[in-house]
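Peer 1: Here the sequence shown is numbered in the UniProt record's numbering, starting from 1 and rising by one per residue. Think of the CB as a built atom: it goes at the ideal place given N, C-alpha and C, for glycine as much as any other residue. Mind looking over this structure? Questions follow.
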Amino acid sequence: MTMVCSAAIADSIRMAGFNLEEAADGVQRRRDGCLRRGPWPPAVQSPQRASSAATAFAALRRRWRWWAPSGASTLERAARAFLLASAALVQACALYYVFRYVGRGCRARAEFAAAGFVGDTGLGLGLGGGACDVFDGAWVPDDTVRHPLYNSSECPFAERGFDCLANGRNDTGYLKWRWKPRRCDVPRFAARAALERLRGKRVVFVGDSMSRTQCQSFICMLMAGVDDPRTVFEVNGNKITKTIRHLAVRFASHGLTVEFFRSVFLVQQEHSAPWHAPKGVKSTLRLDRMDNLTRKWVDSDVLIFNTGHWWTATKLFDTGCYFQAGHSLKLGTSIDAGFRMALETWASWVHKRVDLNRTHVFFRTYEPSHWGDTRQKVCEVTEQPSSEAKGNDKSEFGAIFADVVTNMKVPITVLNVTLMGAFRSDAHVGAWSYPPTILDCSHWCLPGVPDAWNELMFSYLLTNVS
């Protein structure tokens with residue numbers, strides 16, 4: 001439909017005797033293909049341009065003689081004036097179309113750049129001599145003492161279920177890889193420098209168990225720079241378990257707190273059905289309302305969100321959980337549509353509630369799993385990273401998330417880790433979980449892949465946030 005309308009407009013303009021390229025002569029094209037207005041009239045004209053302008057002016061005078069010839073009646077002049085006005089209106093609509101739709105694409109790319117979306121634009125760490133997409137890279141062998149960054153068995157805040165070595169894994173090859181961006185370098189993580197940089201700050205992770213893994217990884221990475229481990233403690237005395245909904249670890253010597261809040265959907269889940277709900281509805285997910293724990297997140301310096309792994313029919317509809325917006329049940333709403341509505345609610349909350357002069361917001365994209373079947377019964381952990389992504393570099397929610405972020409009115413930073421995880425079929429918990437009877441090709445061993453996420457996140461904070 002758009003192509004037909006565009007062709008019709010262009011034909012109308014040509015029939016009227018106008019040249020769209022001449023009319024838009026004051027428009028320049030940037031390197032990325034977007035249009036920008038240039039000076040009009042130009043400050044300096046070359047002889048060739050002056051000659052072209054004179055020719056165009058003469059042509060315009062000839063056209064005007066047709067529009068208003070001497071001796072024409074008043075009615076004839078009015079009719080021709082109407083045709084002239086109509087042609088001008090068509091031309092104006094065409095120019096509006098050009099700037100509206102071409103410009104909109106440019107604005108979208110600019111917003112992704114401001115948001116730190118790493119697709120075409122990159123995070124722009126400014127490392128290696130210029131802006132760089134740090135998530136466009138590869139895993140390379142690393143036999144140096146740099147990796148791993150810590151020992152999970154010596155970190156009291158690493159969950160036993162993620163400590164693969166302690167749970168019987170014999171090979172250590174999965175620990176000897178580092179992420180290398182193609183066009184720049186990321187500074188090595190230095191725990192002491194990180195603690196100083198984060199002195200007096202509050203870092204909060206919000207999401208599902210993948211977020212819990214990243215939080216525990218970050219805490220253990222920082223622990224390597226602490227002189228006295230006794231100065232680091234869980235604020236509420238909670239034990240580190242997979243069922244914990246809130247974890248708060250205090251680095252007393254630096255006034256730093258690192259926290260995790262479990263919110264697998266980010267929006268509010270009601271554990272009882274509305275009175276008017278059909279019999280099969282046991283609970284609802286409020287797509288228009290954020291989790292009621294948001295008041296505990298908002299007062300922070302760094303906020304890292306994730307969601308995705310719980311947005312499945314198995315976790316929702318099969319358990320009797322359906323979508324709700326306001327007082328209305330959305331029984332026919334698909335999971336993709338519900339995911340979009342929830343993300344839009346999250347984006348609106350960030351815009352209205354978060355003080356972005358203080359708080360830096362990250363969102364981590366979907367992390368791929370490596371199950372051998374759709375029923376998640378076959379989990380074969382490899383000894384080496386995969387040489388191919390095998391489709392794991394994309395997620396069903398990727399396009400939805402990109403669209404929501406593009407339309408956000410405030411800047412956030414996207415940690416686009418999907419590609420990073422696509423190759424790491426060697427780094428999952430697998431059969432080395434706790435208890436060992438559970439196979440796991442979704443979560444990652446610690447130390448492991450989440451350490452690389454945190455290295456990139458902290459590199460961004462180090463170079464872009466004061």
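Please classify G332 as buried or exposed, where buried requires at least 16 other C-beta atoms within 10 Å of its C-beta.
Peer 2: In the sequence shown, counting from the first residue as 1, residue 332 sits at position 332. Exposed: under 16 other Cβ atoms inside 10 Å.
Peer 1: How long is the line joining the alpha carbons of T172 and I244, rounded to whole angstroms?
Peer 2: In the sequence shown, counting from the first residue as 1, residue 172 sits at position 172. In the sequence shown, counting from the first residue as 1, residue 244 sits at position 244. Between T172 and I244, the C-alpha separation is close to 29 Å.
Peer 1: Can you find a C-beta in chain B that's less than 8 Å from the C-beta of E196?
Peer 2: Looking for chain B here will not work: only one protein chain is present.
Peer 1: In this structure, how does DSSP classify L462 when only helix, strand and coil are distinguished?
Peer 2: Counting from one through the sequence shown, the residue named residue 462 turns up at place 462. Residue state, collapsed to three classes: helix.
Peer 1: Residue range of the beta strand (DSSP E) that I304 falls in?
Peer 2: As a working note, residue 304 is residue 304 in the sequence shown. Residues 302 to 305.
Peer 1: Which whole-angstrom value is the C-beta distance of W177 and D228, which I expect to be below 8 Å?
Peer 2: For the purposes of this step, residue 177 is taken as residue 177 along the sequence shown, with counting starting at 1. For the purposes of this step, residue 228 is taken as residue 228 along the sequence shown, with counting starting at 1. That belief does not hold up - the Cβ atoms of W177 and D228 are roughly 32 Å apart, past 8 Å.
Peer 1: Measuring straight from C-alpha to C-alpha, what distance separates N167 and E270?
Peer 2: In the sequence shown, counting from the first residue as 1, residue 167 sits at position 167. In the sequence shown, counting from the first residue as 1, residue 270 sits at position 270. Between N167 and E270, the C-alpha separation is close to 36 Å.
Peer 1: Just to confirm my understanding: we take S152, look at its own chain, exclude 5 residues before and 5 after, and list those with CB closer than 6 Å. What are they?
Peer 2: Stepping through the sequence shown from its first residue, residue 152 is reached at position 152. If we look at S152 and ignore the five residues flanking it on each side, its Cβ neighbours are A158, D163, L446.
Peer 1: For V140, count neighbouring Cβ atoms within 10 angstroms of its own Cβ and tell me buried if that reaches 16, exposed if not.
Peer 2: Reading the sequence shown from its first residue, position 140 is the one you call residue 140. It is exposed - the Cβ of V140 has fewer than 16 other Cβ atoms within 10 Å.
Peer 1: Spatial neighbours of E396 within its chain, please: C-beta separation below 8 Å, excluding the five flanking residues on both sides.
Peer 2: Position 396 of the sequence shown, counted from the start, is the residue given in the question as residue 396. Same-chain partners within the cutoff: D336.
Peer 1: When you compare the CB positions of V298 and V354, do they come within less than 8 Å of one another, or not?
Peer 2: The residue given as residue 298 occupies position 298 in the sequence shown. The residue given as residue 354 occupies position 354 in the sequence shown. Yes, they are a contact pair.
Peer 1: Counting C-beta neighbours from all protein chains within 10 Å, is the total for A252 16 or more, i.e. buried, or is it exposed?
Peer 2: The residue labelled residue 252 in the question sits at position 252 within the sequence shown. That one is exposed.
Peer 1: What is the DSSP secondary structure of W453, reduced to helix, strand or coil?
Peer 2: Position 453 of the sequence shown holds residue 453. Looking at W453 - three-state DSSP - the assignment turns out to be helix.
Peer 1: Relative to the ligand GDP, is the shortest distance from any of its heavy atoms to the C-beta of E383 smaller than 7 Å?
Peer 2: For the ligand GDP, the structure offers nothing, since it holds no ligand at all.
Peer 1: Kindly list the residues whose CB is nearer than 7 Å to the CB of W310, restricted to its own chain and excluding five residues on each side of it in sequence; keep chain order.
Peer 2: Translated into the one-based positions of the sequence shown, residue 310 becomes position 310. Cβ within range, chain order: D208, V264, F265.
Peer 1: Who are the Cβ neighbours of A23 in its own chain at under 6 Å, not counting the five residues just before and after it?
Peer 2: Walking along the sequence shown from the start, residue 23 turns up at place 23. Residue placement at A23 cannot be trusted, given a pLDDT of 40 that sits under 50; the coordinates are not used to answer.
Peer 1: Can you tell me whether A427 is buried or exposed? The criterion is at least 16 other CB atoms within 10 Å of its CB, across all chains shown.
Peer 2: Translated into positions along the sequence shown, residue 427 becomes position 427. The residue is buried, with at least 16 neighbouring Cβ atoms inside 10 Å.
Peer 1: Leaving out five residues before and five after W349 in sequence, what residues of the same chain have Cβ atoms less than 7 Å from its Cβ?
Peer 2: Your numbering for residue 349 matches position 349 in the sequence shown. Result list for W349: M290, T294, in chain order.
Peer 1: Does T284 come out as helix, strand or coil in the three-state DSSP assignment?
Peer 2: Against the sequence shown, residue 284 aligns to sequence position 284. T284 falls in the strand class under three-state DSSP.
Peer 1: Using the three-state DSSP reduction, which class does A248 fall into: helix, strand or coil?
Peer 2: Numbered from its first residue, the sequence shown carries residue 248 at position 248. If DSSP states are grouped into helix, strand and coil, A248 belongs with the strands.
Peer 1: Spatial neighbours of A341 within its chain, please: C-beta separation below 6 Å, excluding the five flanking residues on both sides.
Peer 2: For the purposes of this step, residue 341 is taken as residue 341 along the sequence shown, with counting starting at 1. One point to set straight first is that residue 341 is Met, not Ala, in the sequence displayed. Counting only Cβ-Cβ distances below 6 Å, and skipping sequence neighbours, we find L287.
Peer 1: Considering only the beta carbon of each residue, do W444 and R364 sit closer than 8 Å?
Peer 2: Numbered from its first residue, the sequence shown carries residue 444 at position 444. Numbered from its first residue, the sequence shown carries residue 364 at position 364. Their beta carbons are not under 8 Å apart, which means W444 does not touch R364 by this criterion.
Peer 1: So for T294, helix, strand or coil by DSSP?
Peer 2: The residue labelled residue 294 in the question sits at position 294 within the sequence shown. Reduced to three states, the DSSP call for T294 is helix.
Peer 1: Using DSSP with H/G/I as helix, E/B as strand and the rest coil, what is F317?
Peer 2: What you label residue 317 is simply residue 317 of the sequence shown in a count that begins at 1. Correct three-state label for F317: helix.
Peer 1: If I measure Cβ to Cβ from G200 and keep anything under 6 Å in the same chain, skipping five residues before and after, which residues do I get?
Peer 2: Locating residue 200 in the sequence shown gives position 200, counting from the first residue. Closer than 6 Å at Cβ, skipping near neighbours: G255.
Peer 1: Return the Cβ separation of residue 515 and R202 in integer angstroms, given the expectation that the two are a contact with Cβ distance under 8 Å.
Peer 2: This structure gives no information on residue 515, because the portion of the chain shown stretches from 1 to 466.
Peer 1: Could you check if S334 is buried or exposed, using at least 16 other CB atoms within 10 Å of its CB as the buried criterion?
Peer 2: Within the sequence shown, residue 334 is the residue found at index 334, counting from 1. Exposed, by the Cβ-count rule.
Peer 1: Which ranges would you report for the beta strand (DSSP E) in the region 404 to 441 if only whole runs of at least 3 residues count?
Peer 2: As far as the region 404 to 441 is concerned, its whole beta strand (DSSP E) runs of at least 3 residues are 413 to 415, 428 to 430.
Peer 1: Could you tell me which of E154, A347, R424 sits nearest to S386, measuring between CA atoms?
Peer 2: In the sequence shown, residue 386 corresponds to position 386, counting from 1. Measuring from the Cα of S386, the nearest candidate turns out to be R424.
Peer 1: Which residues does DSSP list as the beta-bridge partners of V232?
Peer 2: Counting from one through the sequence shown, the residue named residue 232 turns up at place 232. Paired residue(s): F251.
Peer 1: Which same chain residues, not among the five before or five after L462, have their C-beta less than 6 Å away from its C-beta?
Peer 2: For the purposes of this step, residue 462 is identified with residue 462 of the sequence shown, where counting begins at 1. Once the five neighbours on either side are set aside, L462 has no close Cβ partner at all.
Peer 1: Taking P148 as the reference, which of F458, E455, Y460, G448 has the closest Cα?
Peer 2: What you label residue 148 is simply residue 148 of the sequence shown in a count that begins at 1. The residue with the shortest Cα to Cα distance from P148 is G448.
Peer 1: What does DSSP give as the partner residue(s) for W444 in the beta ladder?
Peer 2: Numbered from its first residue, the sequence shown carries residue 444 at position 444. According to DSSP, W444 bridges with H428.
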